[in-house]
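Trainee:
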Amino acid sequence: TIELANKLDTIVLVSGDGDYVPLVQHLKRAMGCRIEVIAFGPSSSAKLKEESDEFVDLDRNKGKFLMK
């Protein structure tokens, strides 16, 4: 991700793990990337949600994102 970041405008992270917060901060501040996070809201890191430019909560519309 970091190697390609200077060639990307937007990075989509499909995880709610707070361990990604430092990476998200670096990509936004040092590389100028827009960060979109897609994850299940209740189990996602509050700090990750806060740091992302957009957060898509998979719990809000399960039918749109999950297969039966």
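Positions 2 to 69 (this note's numbering) are the ones given, in order, by the sequence shown. Every residue gets a Cβ at the ideal spot worked out from N, C-alpha and C, and that includes glycine.
Under the three-state reduction of DSSP, which class applies to glutamate 51: helix, strand or coil?
Mentor: Residue state, collapsed to three classes: helix.
Trainee: If we ignore side chains and look at the alpha-carbon of each, how far apart do glycine 33 and aspartate 10 end up?
Mentor: Those two C-alpha atoms are separated by around 8 Å.
Trainee: Quick check on valine 13: buried or exposed, where buried means 16 or more other Cβ atoms within 10 Å of its Cβ?
Mentor: Exposed, since its Cβ has fewer than 16 Cβ neighbours within 10 Å.
Trainee: According to the Cβ coordinates, are lysine 50 and glycine 42 closer than 9 Å?
Mentor: yes
Trainee: Strictly by DSSP, which residues pair up with alanine 40?
Mentor: Asp58
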